[in-house]
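K.L.:
To start, I am sharing the structure in question, which I have written as structure tokens.
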Amino acid sequence: MNDIVRMDSNAKLSRIVIHGDTVYVAGVTSRDEGGIEAQTRDVLAKIDTYLAQAGTDKSRMLQVQIWLKDIDRDFDGMNAVWAEWAPKDAMPTRATCEAKLAAPDLLVEIIVTAARKPA
4 MNDIVRMDSN AKLSRIVIHG DTVYVAGVTS RDEGGIEAQT RDVLAKIDTY
54 LAQAGTDKSR MLQVQIWLKD IDRDFDGMNA VWAEWAPKDA MPTRATCEAK
104 LAAPDLLVEI IVTAARKPA
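Numbering-wise, our numbering comes out as the position in the sequence shown, counting from 1, plus 3.
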């Protein structure tokens with residue numbers, strides 16, 4: 004029996020890895036070329052989809068890492084969208100940092116670790 008489940012895999016990564024009751028979602032970026040708010044909304048919508056594929060949802064998030072291209076310019080806009088989306092009664096631990104992202108038009112990348120829903 005394989006105790007590690009890998010989903011949406013390719014030669015570079017698995018988008019989702021499940022080990023036991025823990026779900027790991029790889030860094031999610033946006034295809035939207037808009038500003039930070041549009042990109043953040045797109046990323047969070049994708050995360051909702053990936054968590055559902057793994058049998059869980061955002062209320063079960065444990066830890067989130069947020070990477071911004073320009074933290075001084077984009078933190079407030081990202082945080083406003085985050086505040087609309089994140090469950091008020093189930094906030095995960097979170098870190099937000101500035102990083103050089105993989106493409107010049109990317110403004111945000113988010114990594115999520117969550118617990119699976121009980122069977």
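Cβ atoms here follow ideal geometry from the backbone N, Cα and C, with glycine treated the same way.
Find out if the Cβ-Cβ distance for the pair Thr32, Met81 is shorter than 8 angstroms.
P.N.:
Going by C-beta atoms, Thr32 is not nearer than 8 angstroms to Met81.
K.L.:
In chain order, which beta strand (DSSP E) runs of at least 3 residues are fully inside the stretch 61 to 103?
P.N.:
Runs found: 64 to 71 and 96 to 101.
K.L.:
What number of angstroms, rounded off, separates the C-alpha of Met4 from the C-alpha of Asp24?
P.N.:
Low local confidence applies: a pLDDT of 48 at Met4 is under 50, so the model's placement there is unreliable, and no value is given.
K.L.:
Taking the Cβ atom as the reference point for each residue, do Val97 and Ile74 lie within a distance shorter than 8 angstroms?
P.N.:
Strictly speaking, residue 97 in this sequence is Arg, with Val absent from that position. No, the Cβ-Cβ distance between Arg97 and Ile74 is not below 8 angstroms.
K.L.:
Classify Lys91: buried if its beta carbon has 16 or more other beta carbons within 10 angstroms, exposed otherwise.
P.N.:
When all chains shown are included, Lys91 counts as exposed.
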